[in-house]
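Inspection log for the structure reproduced underneath, given as structure tokens.
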Ligand SMILES: *Cc1c(COP(=O)(O)O)cnc(C)c1O
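Numbering (the numbering used here), first residue to last: 5 to 430.
This is the structure we're talking about:
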């Protein structure tokens, strides 16, 4: 019997036995006790699996990671302290100094900085391609040292939809995996592994937590990428790790376990960045209602986009669910049941109208956050992109009058009434 996604949201990952806690226990412990040092030695050699120190692994986290793994249809998963850490670990696990990554240019600003600047300082080069690039442009981005392709299912904040199948085929033709950040649609609206993605990442800070309570991230491995068939490209997985007495991850843990085991045993050990068990507990509370919330987020986003599209004071609206949107066709393929709650739009009255609009909102609240149960709104030209003048904003693809509205799960009519009254004053 295979459960539907909602049942997995509620019950996946943790399966209590007789007389065990119904809710996931929080293992608020840095360390574990063992009877013999031989036993502990086996854990350190990866001869046996078990917990010994929360910098690497914690049972609370693993229950929640197992749920996210089931939701995405993966083979193994892990939680990280943030979405940034998830994307960094997913890439750094298979690429380092002297290597190269191909990435969509329509990605979260933090991930862009990570790839374009911080990872470059570590010796890793990145070529950015438009998600709408031609097959020739995509092909030309690959180099002999390319180790992965990276993109976002729905880009934050550009709302571009990635043609996952096309990018997966290109990656696989070059013998490397496709990593997809699936933060905005969540597995409730899209499961990238079904379209050929090999690794899926999340900022669980957004819809998965959904209540603005805990920063976190997750990495899911599909188990579909055959590391051994590309052994020379991925020596970290296919040759002995001397820091673990010569273990070969892809041999010992198989195609489905190698990636996450290496990221846990090596990167978590050396770099930290694990999610706190308290935050994992909160994340799980969010996951329990994810399928219910996503439906309402999408319904509100769709209704809002349609309302804005017909409003005389609105200059443009961007929402993948809107007919006529540049990504509507891809959204119909990859997101047939809805995309997300985030809508962006501009004003016929330009930047002053955007500022006046923001001031007059009553339900929607100004916050840098997105993908929250409570509707939030951001004027990038006055916040995340504040240092740029209007010409620079245009060049960056952020219109000076563009507002990003993240529709929460409040009643649709109330949200539209709030936006309508604020538009009247703008
Ligand atoms: C927010 C976000 C991130 C970064 O996640 P944090 O949890 O804030 O570190 C990465 N990718 C996407 C698509 C995001 O929206």
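Where a beta carbon is used, it is the ideal one built from N, C-alpha and C, also for glycine.
The beta strand (DSSP E) enclosing residue 133, as first and last residue numbers
129-133
Cβ-heavy atom distance between residue 216 and ligand 3 below 7 Å?
Judged by which ligands are present, ligand 3 is missing from the structure shown, whose ligands are ligand 1.
Name the one or two DSSP bridge partners that residue 321 has.
349
Between the beta-carbon of residue 212 and the beta-carbon of residue 287, is there less than 8 Å?
yes
Segment contact, 8 Å Cβ cut-off, at least three pairs: the stretch 233-245 with the stretch 178-187
yes
Inspect the CB distances between the stretch 351-369 and the stretch 314-333 and report whether three or more fall short of 8 Å.
yes
Contact between the stretch 32-42 and the stretch 56-63 (3+ Cβ pairs under 8 Å):
yes
Using 8 Å for Cβ pairs, my map puts residue 374 next to residue 160. What's the rounded Cβ distance?
7 Å
In three-state terms, what does DSSP make of residue 183?
strand
C-alpha distance - residue 15 paired with residue 395, whole-angstrom precision
50 Å
Where does residue 75 sit, in a helix, a strand or coil, going by DSSP?
helix
So, is residue 7 buried or exposed, given that buried needs 16 or more other C-beta atoms within 10 angstroms?
exposed
Helix, strand or coil: which one does DSSP assign to residue 40?
coil
Taking the alpha carbon of residue 138 as the point to measure from, which residue in 184, 108, 163 has its own alpha carbon closest?
108
Check whether the Cβ of residue 439 lies closer than 7 Å to any heavy atom of ligand 1, and answer yes or no.
The structure shown does not extend to residue 439, since the chain is modelled only from 5 through 430, so no value can be given for it.
May I have the straight-line CA-CA distance separating residue 256 from residue 365, to the nearest angstrom?
57 Å
Are the stretch 267-283 and the stretch 375-388 in contact at 8 Å, needing three or more beta carbon pairs?
no
Kindly provide the ranges of any alpha helix (DSSP H) runs that are 4 or more residues long and lie completely inside the stretch 243-286, ordered along the chain.
253-256, 258-266
How big is the Cα-Cα spacing for residue 90 and residue 225?
12 Å
Do you know how far the Cα of residue 289 is from the Cα of residue 282?
11 Å
Can you tell me the Cα-Cα spacing of residue 174 and residue 41, whole angstroms?
49 Å
Limits of the unbroken alpha helix (DSSP H) element including residue 416:
416-429
Look at the alpha carbon of residue 410 and the alpha carbon of residue 376, and state the distance between them as a whole number of angstroms.
7 Å
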